[in-house]
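If you read the sequence shown in the working numbering, its first letter stands for residue 2, the second for the next number, and so on.
Even for Gly, the Cβ is constructed at its ideal location relative to N, Cα and C.
These figures come from a predicted structure and were not determined experimentally.
Everything below concerns the one structure shown next.
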Amino acid sequence: METALKLQMENFQVGWICVLNIVLATFSWAQEGHLWKAATYASMRLLHKYPATKGGIRGDHRKQSKGQSISRNLLSEDVELGHCPYRWKQARIIVLRKSRKPDYGSSEAYQPISLLNTLGKVLEAVMARRLSFWAETYKLLPDTQFGGRLGRNTEQALLTLANAIDRAWLRLKVITLVAFDLKGAFNGVNDSSLDARLQAKDIPTVARRWIRSFMESQYASISFDDFQTEISPLENAGLA
Numbered sequence: 002m003e004t005a006l007k008l009q010m011e012n013f014q015v016g017w018i019c020v021l022n023i024v025l026a027t028f029s030w031a032q033e034g035h036l037w038k039a040a041t042y043a044s045m046r047l048l049h050k051y052p053a054t055k056g057g058i059r060g061d062h063r064k065q066s067k068g069q070s071i072s073r074n075l076l077s078e079d080v081e082l083g084h085c086p087y088r089w090k091q092a093r094i095i096v097l098r099k100s101r102k103p104d105y106g107s108s109e110a111y112q113p114i115s116l117l118n119t120l121g122k123v124l125e126a127v128m129a130r131r132l133s134f135w136a137e138t139y140k141l142l143p144d145t146q147f148g149g150r151l152g153r154n155t156e157q158a159l160l161t162l163a164n165a166i167d168r169a170w171l172r173l174k175v176i177t178l179v180a181f182d183l184k185g186a187f188n189g190v191n192d193s194s195l196d197a198r199l200q201a202k203d204i205p206t207v208a209r210r211w212i213r214s215f216m217e218s219q220y221a222s223i224s225f226d227d228f229q230t231e232i233s234p235l236e237n238a239g240l241a
């Protein structure tokens, strides 16, 4: 299966209009308008990689139809089987030097970025927005949750906090605030615990299977200037 998926991905050369149509046509449960943005992310990446020709985007309509058919089958099977291909979980981490740093012997003078397969990012974005849709529609998150939610920001969180403090002061209460700085939270997510929580929230099995596959067996290589490491598995990669 991996070999077939790899061949399909290597043959996939299609313009950004095709990608938008593919994503919105493939997932019958992903028709909400806000998913358009998820598809647009990868479409711009493909438009840069495969620029338009005089005959239009990739020139030949037959090539577009072939690309649509290949990618539609690829994405549909990926979701139905609950399978995230190895190639989509293989990251290339590029280490960049930050400008105007006094000491380049320190790790803080460098910024790593992770490059992933574009098709994988399309499906990842669709899944993320679908989870957000379910969470907001069925009230799966508490009202005090602000992070990672559409239409909510840090300013609103601070206003809510300030309002709670003012109301307590009016009742002559004493306020105590405890703040936590969670580092590497996404890296430390346990797949079994996450699946149990998603099941408790009635998230569909088809989505849970794909998320579990997405978290399993992630690999990466590190590139720095002309040096590149071998591809190796990432331990406890979580949702990173």
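Bridge partners - residue i, DSSP secondary structure assignment
| i | result |
| --- | --- |
| Val96 | Pro113 |
| Ile223 | Ile94 |
| Gln229 | Ser224 |
| Pro234 | Tyr220 |
Cut-off 7 angstroms between Cβ atoms - residues of its own chain near residue i, not counting five sequence neighbours on either side
| i | result |
| --- | --- |
| Glu211 | Per the sequence presented here, residue 211 reads as Trp, with Glu not at that position. Counting only Cβ-Cβ distances below 7 angstroms, and skipping sequence neighbours, we find Val80, Gly83, Cys85, Met128. |
| Lys7 | Any reading at Lys7 must be qualified, since the residue scores a pLDDT of 46, below 50, and its modelled position is unreliable; the value itself is stated next. The answer, listed in chain order, is Arg88. |
| Asp196 | Arg209, Arg213 |
| Asp104 | Ala110 |
| Ser107 | none |
Own chain partners of residue i with C-beta closer than 8 angstroms, once the 5 adjacent residues on each side are dropped
| i | result |
| --- | --- |
| Val207 | Val80, Glu81, Gly83 |
| Leu97 | Tyr111, Gln112, Pro113, Ile114 |
| Gly189 | Asn237, Gly239 |
| Leu116 | Ala92, Arg93, Ile94, Ile95 |
| Pro234 | Ser218, Gln219, Tyr220 |
| Phe228 | none |
| Arg101 | none |
Given residue i as reference, the closest of the options once Cα atoms are compared
| i | options | result |
| --- | --- | --- |
| Ile204 | Leu132, Tyr111, Ser108 | Leu132 |
| Thr230 | Glu217, Ala201, Ala92 | Ala92 |
| Arg198 | Arg213, Leu178, Asp226, Lys184 | Arg213 |
| Met216 | Ile176, Ser194, Leu240 | Leu240 |
| Lys99 | Asn191, Leu160, Phe225 | Phe225 |
| Val179 | Gly106, Ser108, Ser193, Leu162 | Leu162 |
| Leu160 | Thr145, Lys184, Leu171, Asp227 | Thr145 |
Same chain only: Cβ atoms within 6 angstroms of residue i, ignoring 5 sequence neighbours per side
| i | result |
| --- | --- |
| Phe147 | Arg153, Ala158 |
| Ile166 | Ile176 |
| Gly232 | The sequence shown places Ile at residue 232, rather than the Gly named in the question. The answer, listed in chain order, is Tyr220, Ser222. |
| Asp192 | Arg213, Met216 |
| Asp182 | none |
| Glu78 | none |
| Arg172 | none |
| Lys184 | none |
Rounded Cβ spacing between residue i and residue j (contact assumed at less than 8 angstroms)
| i | j | result |
| --- | --- | --- |
| Ile95 | Ala221 | Their Cβ separation, rounded to whole angstroms, is 11 angstroms, which puts Ile95 and Ala221 out of contact at 8 angstroms. |
| Ala201 | Gln219 | Not really, about 25 angstroms apart at Cβ, beyond 8 angstroms. |
| Leu142 | Arg150 | 7 angstroms |
| Ile176 | Ala186 | In fact, because the Cβ distance is near 26 angstroms, the residues do not count as touching under 8 angstroms. |
The ligand SAH heavy atom lying under 7 angstroms from the CB of residue i
| i | result |
| --- | --- |
| Asn237 | With respect to the ligand SAH, the structure offers nothing, as it holds no ligand at all. |
- Item | Three CB pairs or more closer than 8 angstroms across the segment 133 to 140 and the segment 112 to 125 | no
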